[in-house]
Amino acid sequence: METQIGRGKTARRAYGIDEIALVPGNRTLDPSLADTKWRIGNIEREIPIIASAMDGVVDVRMAVLLSNLGALGVLNLEGIQTRYADPEPILDKIASVGKEEFVPLMQELYAESIKPELIEQRIREIKQQGGIAAVSATPALSSKYGAVVAKAGADLFFVQATVVSTAHLSPESIVPLDLAQFCQEMPIPVVLGNCVTYEVTLDLMKAGAAGVLVGIGPGAACTSRGVLGVGVPQATAIADCAAARDDYYQQTGKYIPVIADGGLITGGDICKCIACGADGVMIGSPFARASEAPGRGYHWGMATPSPVLPRGTRIRVGTTGTLEQILVGPAQLDDGTHNLLGALKTSMGTLGAKNLKEMQQVEVVIAPSLLTEGKVYQKAQQLGMGK
Numbered sequence: 002m003e004t005q006i007g008r009g010k011t012a013r014r015a016y017g018i019d020e021i022a023l024v025p026g027n028r029t030l031d032p033s034l035a036d037t038k039w040r041i042g043n044i045e046r047e048i049p050i051i052a053s054a055m056d057g058v059v060d061v062r063m064a065v066l067l068s069n070l071g072a073l074g075v076l077n078l079e080g081i082q083t084r085y086a087d088p089e090p091i092l093d094k095i096a097s098v099g100k101e102e103f104v105p106l107m108q109e110l111y112a113e114s115i116k117p118e119l120i121e122q123r124i125r126e127i128k129q130q131g132g133i134a135a136v137s138a139t140p141a142l143s144s145k146y147g148a149v150v151a152k153a154g155a156d157l158f159f160v161q162a163t164v165v166s167t168a169h170l171s172p173e174s175i176v177p178l179d180l181a182q183f184c185q186e187m188p189i190p191v192v193l194g195n196c197v198t199y200e201v202t203l204d205l206m207k208a209g210a211a212g213v214l215v216g217i218g219p220g221a222a223c224t225s226r227g228v229l230g231v232g233v234p235q236a237t238a239i240a241d242c243a244a245a246r247d248d249y250y251q252q253t254g255k256y257i258p259v260i261a262d263g264g265l266i267t268g269g270d271i272c273k274c275i276a277c278g279a280d281g282v283m284i285g286s287p288f289a290r291a292s293e294a295p296g297r298g299y300h301w302g303m304a305t306p307s308p309v310l311p312r313g314t315r316i317r318v319g320t321t322g323t324l325e326q327i328l329v330g331p332a333q334l335d336d337g338t339h340n341l342l343g344a345l346k347t348s349m350g351t352l353g354a355k356n357l358k359e360m361q362q363v364e365v366v367i368a369p370s371l372l373t374e375g376k377v378y379q380k381a382q383q384l385g386m387g388k
């Protein structure tokens, strides 16, 4: 249903993850029976959770640990890890400055050139330790470093930007990345994003995407929605893009996973994304809170270092536990930010969903009071859901 904003302009109502709730069906099942396996490209994972390609979240160590635990981490090829042979003192400096000095420092640090030899080195370090080497770059640099990534033996390539489309217009002096050609020529699966609409999702799948990332601006450290005014609330964006995936599957027989990217903090957020149609999720700030994370208890947006228009900030997330506690437990916190896999399995059991495909079919209701109803004491005492 459309609403008239004013003469000549109507708008469709869109919903965020906090505005919906999941409804139990006619059966339940033991959480141990819930199958959370999924595939992206030619890789099968036990846990449908990907760690964001952000410098405060994924380095070589985190990528290996995530792989060992059954998940996946993506390394940012335009970040600290590929600009500096020893990123540790750089990360220490980022964590040490005040908020007024932060953006100028980031612009200075990220002015250092990206070194192809470091791209190869980081990928090989992940592979040598038995990890899955998934890496990310913007469209502008993907064509430049694609061959380097393939030569080094990466497993997955993520082409990511605030918005990616197959109909990008560039000045005459710049040749835009041909996404279809890039997907065809790369010897490894290519994941494309980000997008928030049915039409663009369909276009990206037709271009050869092995997966599509959904989400513009909902991330904890992202300010694109404030700076640009662009975005669609995640619940609606996921549902629209998942519809494109289903239609594409009906037309071609090819199933391309849709990955909800950004704005997800708790296990409940992840469960609701899958119920809206996502096959997996990409999260940043929850993993930035791991004791092994490279951000030293901080998390910052990918566009923060922009020399002309920063669209990200640095937030203090703290350190709440190990990566294992956050991902698979046992939980030490009562707010839904630990044991994300356990939360997903328990939710699936409560809803009677045996696998992710059944989880995508559960009933969803509009519930703007879901996170506040009856929680007056938690809110007053800043406990559990009131934190």
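Note that this note's numbering gives residue 132 to position 131 of the sequence shown, counting from 1, and the numbers run on in steps of one.
By construction, the Cβ of each residue, glycine as well, lies at the ideal position given by its N, Cα and C atoms.
(request) May I ask you to report which of helix, strand or coil DSSP gives Val-329? (result) Residue numbering aside, residue 329 sits at position 328 when the sequence shown is read from its first letter. Helix at Val-329.
(message) Below 8 Å, how does it come out for the stretch 18-38 and the stretch 341-350: are there three or more Cβ pairs, yes or no?
(response) yes
(request) Quick one: measure Cβ to Cβ for Leu-23 and Val-363, integer angstroms, because I've assumed they're closer than 8 Å. (result) On the sequence shown, position 22 is the one that residue 23 refers to. On the sequence shown, position 362 is the one that residue 363 refers to. Taking a contact as a CB-CB distance under 8 Å, the pair Leu-23 and Val-363 counts as one, their CB atoms being some 6 Å apart.
(request) Can you tell me which of the three DSSP states Met-303 falls into? (result) To locate residue 303, count along the sequence shown from 1; it is residue 302. Met-303 falls in the coil class under three-state DSSP.
(request) Check whether the Cβ atoms of Leu-70 and Leu-324 sit closer than 9 Å, and answer yes or no. (result) Taking the first residue of the sequence shown as position 1, residue 70 is located at position 69. Taking the first residue of the sequence shown as position 1, residue 324 is located at position 323. A contact, by the Cβ cut-off of 9 Å.
(message) For Arg-226, report the span of its alpha helix (DSSP H) as first-last.
(response) For the purposes of this step, residue 226 is taken as residue 225 along the sequence shown, with counting starting at 1. First-last of the alpha helix (DSSP H) with Arg-226: 225-229.
(message) If the criterion is Cβ atoms closer than 9 Å, does the pair Thr-139 and Glu-79 meet it?
(response) For the purposes of this step, residue 139 is taken as residue 138 along the sequence shown, with counting starting at 1. For the purposes of this step, residue 79 is taken as residue 78 along the sequence shown, with counting starting at 1. Contact: yes.
(message) Tell me which residues share the same chain as Lys-355 and place their Cβ nearer than 8 Å to its Cβ, disregarding the 5 neighbours each side in the sequence.
(response) Counting from 1 along the sequence shown, the entry for residue 355 is found at position 354. These residues qualify, in order along the chain: Leu-30, Leu-34, Ala-35, Asp-36, Met-349.
(message) What does the alpha-carbon distance come out to for the pair Glu-89 and Asp-60?
(response) As a first step, residue 89 must be located in the sequence shown, where it is residue number 88. As a first step, residue 60 must be located in the sequence shown, where it is residue number 59. Using only the alpha carbons, I get a separation of about 11 Å.
(request) Enumerate, from N- to C-terminal direction, the unbroken beta strand (DSSP E) stretches of 3 or more residues contained entirely within the stretch 38-65. (result) If one requires a minimum length of 3 residues, the beta strand (DSSP E) runs lying completely within the stretch 38-65 are 39-41, 44-46, 50-52, in chain order.
(message) Excluding the 5 residues flanking Glu-293 on each side, which residues of the same chain have their C-beta closer than 8 Å to its C-beta?
(response) One-based indexing of the sequence shown puts residue 293 at position 292. Contacts found: Arg-62, Met-63, Leu-66, Thr-323, Leu-324.
(message) Quick check on Asn-340: does DSSP put it in helix, strand or coil?
(response) Indexing the sequence shown from 1 puts residue 340 at position 339. Note: Asn-340 maps to coil in three-state DSSP.
(message) Please classify Ser-53 as buried or exposed, where buried requires at least 16 neighbouring CB atoms within 10 angstroms.
(response) Position 52 of the sequence shown, counted from the start, is the residue given in the question as residue 53. It counts as buried.
(request) In angstroms with no decimal places, state the Cα-to-Cα distance between Ala-208 and Val-259. (result) By 1-based counting over the sequence shown, the position of residue 208 is 207. By 1-based counting over the sequence shown, the position of residue 259 is 258. The straight-line gap from Cα to Cα measures roughly 15 Å.
(message) Once the 5 residues before and after Lys-380 are set aside, which same chain residues still bring their CB inside 6 Å of it?
(response) As a working mapping, residue 380 is identified with position 379 in the sequence shown. Non-local C-beta neighbours of Lys-380 in its own chain, meaning closer than 6 Å and more than five positions away in sequence, comprise Gly-387, ordered along the chain.
(request) Kindly confirm or deny that the stretch 85-101 and the stretch 150-162 touch, where touching means at least three C-beta pairs closer than 8 Å. (result) no
(message) Between Leu-119 and Ala-86, how many whole angstroms is the CB-CB distance? I'm expecting something under 8 Å.
(response) Position 118 of the sequence shown holds residue 119. Position 85 of the sequence shown holds residue 86. Leu-119 to Ala-86, Cβ: 7 Å. Contact.
(request) Would you tell me roughly how many angstroms separate the C-alpha atoms of Trp-301 and Pro-308, rounded to the nearest one? (result) Here residue 301 refers to the residue found at position 300 when the sequence shown is read from its first residue. Here residue 308 refers to the residue found at position 307 when the sequence shown is read from its first residue. So the two alpha carbons sit approximately 15 Å from each other.
(message) For Glu-45, tell me which candidate among Ala-72, Asp-56, Met-55, Val-58 has the shortest Cα-Cα distance.
(response) As a working mapping, residue 45 is identified with position 44 in the sequence shown. Out of Ala-72, Asp-56, Met-55, Val-58, Ala-72 has the C-alpha closest to the C-alpha of Glu-45.
(message) Going by C-alpha to C-alpha distance, which of Val-150, Gly-218, Thr-338, Glu-101 sits closest to Leu-384?
(response) Taking the first residue of the sequence shown as position 1, residue 384 is located at position 383. Checking every option, the nearest Cα to that of Leu-384 belongs to Thr-338.
(message) In whole angstroms, give me the CA-to-CA distance for Gln-361 and Gly-254.
(response) Residue mapping note: residue 361 aligns to position 360 of the sequence shown, counting from 1. Residue mapping note: residue 254 aligns to position 253 of the sequence shown, counting from 1. Spanning the two alpha carbons is a distance of roughly 19 Å.
(message) Quick check: Met-107 and Pro-331, are their CB atoms within less than 9 Å of each other?
(response) For the purposes of this step, residue 107 is identified with residue 106 of the sequence shown, where counting begins at 1. For the purposes of this step, residue 331 is identified with residue 330 of the sequence shown, where counting begins at 1. Inclusion of Met-107 and Pro-331 in the CB contact set at 9 Å is not warranted, their separation being larger than that value.
(request) Taking Asp-125 as the reference, give the member of Leu-76, Thr-198, Gly-17 with the closest Cα. (result) Stepping through the sequence shown from its first residue, residue 125 is reached at position 124. Note that residue 125 is Arg in the sequence shown here, rather than Asp. Of the listed residues, the one whose Cα sits closest to Arg-125 is Leu-76.
(request) Write down every uninterrupted run of the beta strand (DSSP E) in the stretch 167-214 whose length is 3 residues or greater and which is fully enclosed by it, in chain order. (result) 191-196
(message) I'd like the list of long-range same chain contacts for Thr-167, defined as Cβ closer than 6 Å, with 5 residues on each side in sequence excluded.
(response) Within the sequence shown, numbered from 1, the residue matching residue 167 stands at position 166. The residues are Leu-180, Asp-204, Ala-208.
(request) Kindly indicate which residue of Val-192, Ile-133, Lys-358, Pro-190 has the alpha-carbon position closest to the one of Cys-272. (result) Here residue 272 is taken as the residue at index 271 of the sequence shown, counted from 1. Nearest option by C-alpha distance: Lys-358.
(request) Just the C-alpha distance for Leu-345 and Arg-312, rounded to the nearest angstrom, thanks. (result) For the purposes of this step, residue 345 is taken as the residue at position 344 of the sequence shown. For the purposes of this step, residue 312 is taken as the residue at position 311 of the sequence shown. Whole-angstrom Cα-Cα distance: 31 Å.
(message) Looking at Ala-243: is its Cβ nearer than 9 Å to the Cβ of Cys-277?
(response) If you number the sequence shown from 1, residue 243 lands on position 242. If you number the sequence shown from 1, residue 277 lands on position 276. A contact, by the Cβ cut-off of 9 Å.
(message) In the DSSP assignment, the alpha helix (DSSP H) including Glu-126 goes from what residue to what residue?
(response) The residue you call residue 126 lines up with position 125 of the sequence shown. Start and end: 117-129.
(request) Alpha carbon to alpha carbon, how far is Arg-14 from Gly-216? Give it in angstroms, no decimals. (result) For the purposes of this step, residue 216 is taken as residue 215 along the sequence shown, with counting starting at 1. For the purposes of this step, residue 14 is taken as residue 13 along the sequence shown, with counting starting at 1. So the two alpha carbons sit approximately 17 Å from each other.
(message) Can you tell me which residues form a DSSP beta bridge with Arg-312?
(response) Locating residue 312 in the sequence shown gives position 311, counting from the first residue. According to DSSP, which records beta bridges pairwise, Arg-312 is partnered with nothing at all.
(request) Return the chain-ordered list of same chain residues with a C-beta closer than 7 Å to the C-beta of Thr-11, the five sequence neighbours on each side being excluded. (result) Your numbering for residue 11 matches position 10 in the sequence shown. Glu-3, Thr-4, Gln-5.
(request) Output the distance between the C-alpha atoms of Asp-335 and Gly-230, rounded to the nearest integer angstrom. (result) By 1-based counting over the sequence shown, the position of residue 335 is 334. By 1-based counting over the sequence shown, the position of residue 230 is 229. Cα-Cα distance, rounded: 34 Å.
(request) From the DSSP output, in three-state form, read off Ser-286 for me. (result) As a working note, residue 286 is residue 285 in the sequence shown. Of the three classes helix, strand and coil, the one that applies to Ser-286 here is helix, per DSSP.
(request) Quick one: using the 10 Å Cβ neighbour count with 16 as the cut-off for buried, is Glu-20 buried or exposed? (result) Taking the first residue of the sequence shown as position 1, residue 20 is located at position 19. By the 10 Å Cβ count, Glu-20 comes out buried.
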